[in-house]
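If you're matching them up, the sequences are chains G and U in order. At position 82 of the first sequence (counting the first as 1) the number is 227 in the working numbering, and the numbers step up by one without a gap. At position 99 of the second sequence (counting the first as 1) the number is 244 in the working numbering, and the numbers step up by one without a gap. Glycine is no exception: its CB is placed at the ideal position from the N, C-alpha and C atoms.
There are 2 protein chains.
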Amino acid sequence: MSAPAGTASKRSPRPSMEAGADTPSLRIGDVARLAETTPRTIRYYEEIGLLPPAPARPSGRHRLYTQAEVERLREVMRLRNLLGVSLEELKTLLTAEEARAEVRAQLSREDVEQERRAELLQEALGHIDRQLELVRHRSAELQRLEQELCETRKRARRKLRELDARDEPS
Amino acid sequence: MSAPAGTASKRSPRPSMEAGADTPSLRIGDVARLAETTPRTIRYYEEIGLLPPAPARPSGRHRLYTQAEVERLREVMRLRNLLGVSLEELKTLLTAEEARAEVRAQLSREDVEQERRAELLQEALGHIDRQLELVRHRSAELQRLEQELCETRKRARRKLRELDARDEPS
DNA sequence: TCTGATCTTTACGTTCACGTAAGCTTTAGC
DNA sequence: GCTAAAGCTTACGTGAACGTAAAGATCAGA
């Protein structure tokens with residue numbers, strides 16, 4: 146049960162002439178395989194706004210992606226697994242990410258006043274800090290758990306050694 | 146939305162004479178409040194075998210718990226939150242925990258042969274190792290994420306300082 | 001003993017995160 | 001241009017993890 150990645154790929158992986166690497170040449174199935182998930186999940190994530198709609202899709206046509214989208218998807222799934230939050234919460238977290246991207250875009254332009262730039266950066270910092278706080282909290286708790294398990298393990302091993310020593314002191 | 150812990154407790158917390166601390170004197174609502182969850186969840190966990198049935202309950206009567214059960218429940222919820230596994234998987238993990246408890250019980254008895262003791266300890270060690278591997282994996286990944294976020298944060302702060310320096314060099 | 005808060009079981013409802021099927025269209029290779 | 005594979009939308013189905021409502025039993029305190 147649950148074998149989402151059929152390893153057999155009948156159709157060749159689309160030679161993708163115009164090998165510009167940023168020309169959208171990946172179909173949803175390809176993306177799904179590369180990210181180890183399913184097309185349904187990708188469409189679902191797009192539907193709830195967790196992923197942006199496929200870039201420049203002529204209505205009625207198939208979705209086409211670039212490698213960048215694959216990586217974004219993998220990152221989303223990574224965060225989903227690690228943070229243990231709902232997709233809705235994850236969305237707000239990633240929306241913050243988007244904002245940061247927008248900040249970078251703005252910062253690269255010349256016609257933005259210093260005042261505005263500082264504001265943007267401040268906001269971005271706030272987002273990062275909120276994420277960081279969440280991650281740090283979980284990370285710390287997990288490390289505590291790890292520590293506790295290590296202790297337990299140590300004790301068990303000690304007992305076992307004691308037993309072995311007493312058993313055969315040959 | 147989601148305010149499971151009504152802070153108002155009308156009835157006094159049951160003076161619990163026989164203050165033996167291990168005489169079951171906590172009702173399901175008390176346990177729920179202490180563990181910051183709901184009675185429904187406790188019953189559900191008992192139903193699927195994630196928690197043992199309430200100790201020594203005369204059929205038809207109310208469930209009664211001790212402080213130990215509260216702590217166990219809190220631990221279960223902690224693991225649920227941190228490990229991000231299904232309750233079913235969590236159950237098998239905790240079943241291993243149970244086995245370890247049983248090992249301790251056996252080990253405290255005199256009439257168990259060394260051979261058997263070593264076996265039990267070996268098995269327990271195996272369980273611990275499997276848990277530890279899982280925890281370590283997640284912990285490491287989370288730390289990586291934390292590290293990445295820290296880097297991002299640093300860069301943002303540097304940019305902000307650069308901007309401030311250039312803005313008002315008074 | 002009586003009373004109201006709390007608990008009991010039973011059972012149906014709900015939300016999330018997708019899975020799956022149907023019917024049709026697009027795409028890629030020949 | 002034809003065809004099979006893959007994709008499209010729409011919509012209903014599903015499993016997990018509880019929420020909620022009903023109808024009655026139990027419990028603690030006066």
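Below-8 Å beta-carbon distance, residue i vs any chain G residue
i, result
"residue 247/U", "no"
"residue 236/U", "no"
"residue 155/U", "Caution is warranted here: a pLDDT of 42 is assigned to residue 155/U, below 50, making its placement in the model unreliable, and the coordinate value is therefore given only provisionally. Taking Cβ atoms only, chain G never reaches closer than 8 Å to residue 155/U, which makes this a no."
"residue 147/U", "Unreliable placement is indicated for residue 147/U, whose pLDDT of 35 sits below 50; no coordinate value is reported for it."
"residue 276/U", "yes"
"residue 239/U", "no"
"residue 174/U", "no"
"residue 251/U", "no"
"residue 256/U", "no"
"residue 243/U", "no"
"residue 232/U", "no"
"residue 220/U", "no"
"residue 305/U", "yes"
"residue 291/U", "yes"
Min CB distance residue i to chain U below 8 Å
i, result
"residue 297/G", "yes"
"residue 301/G", "yes"
"residue 284/G", "yes"
"residue 209/G", "no"
"residue 280/G", "yes"
"residue 263/G", "yes"
"residue 150/G", "Residue confidence for residue 150/G is low, a pLDDT of 38 falling below 50, so the modelled location carries little weight; the figure read from the coordinates is stated next. So no, residue 150/G is outside the interface."
"residue 273/G", "yes"
"residue 269/G", "yes"
"residue 259/G", "yes"
"residue 288/G", "yes"
"residue 191/G", "no"
"residue 216/G", "no"
"residue 308/G", "yes"
"residue 294/G", "yes"
"residue 227/G", "yes"
"residue 195/G", "no"
"residue 171/G", "no"
"residue 179/G", "no"
"residue 186/G", "no"
Closer than 7 Å: residue i CB and nearest the ligand GTP heavy atom
i, result
"residue 233/U", "What this structure holds is no ligand at all, so the ligand GTP is not there to describe."
Integer-rounded CB distance, given that residue j should sit under 8 Å from residue i
i, j, result
"residue 301/U", "residue 266/G", "6 Å"
"residue 285/U", "residue 269/U", "Incorrect: roughly 24 Å between the Cβ atoms, too far for contact."
"residue 222/G", "residue 180/G", "7 Å"
"residue 287/G", "residue 283/U", "6 Å"
"residue 199/U", "residue 305/G", "Actually they do not touch by this definition, with Cβ atoms about 35 Å apart."
"residue 229/U", "residue 205/G", "No, residue 229/U and residue 205/G are not in contact; Cβ-Cβ is about 39 Å, not under 8 Å."
"residue 187/U", "residue 177/U", "6 Å"
"residue 259/G", "residue 308/U", "6 Å"
"residue 208/U", "residue 173/U", "5 Å"
Best match in the options for proximity to residue i [C-alpha to C-alpha]
i, options, result
"residue 225/U", "195/U, 200/U and 289/U", "195/U"
"residue 210/U", "237/U, 186/U, 167/U and 271/U", "167/U"
"residue 281/G", "191/G, 207/G, 234/G and 227/G", "227/G"
"residue 236/G", "299/G, 191/G and 303/G", "191/G"
"residue 299/G", "201/U, 261/U, 197/U and 271/U", "271/U"
"residue 290/U", "220/G, 232/G and 303/G", "220/G"
"residue 240/G", "197/G, 215/G, 257/G and 182/G", "197/G"
"residue 215/U", "247/U, 182/U and 242/U", "182/U"
"residue 233/G", "189/G, 253/G and 246/G", "189/G"
"residue 213/G", "247/G, 184/G, 248/G and 169/G", "169/G"
Run of the alpha helix (DSSP H) containing residue i, from where it starts to where it stops
i, result
"residue 184/U", "184–192"
"residue 253/U", "232–253"
"residue 228/G", "212–228"
"residue 176/G", "173–179"
Next item on the list: Please confirm if the region 287–296 of chain U is in contact with the region 266–277 of chain U, defined as three or more CB-CB distances below 8 Å between the two stretches.
Entry: Cβ pair count under 8 Å is below three, so no.
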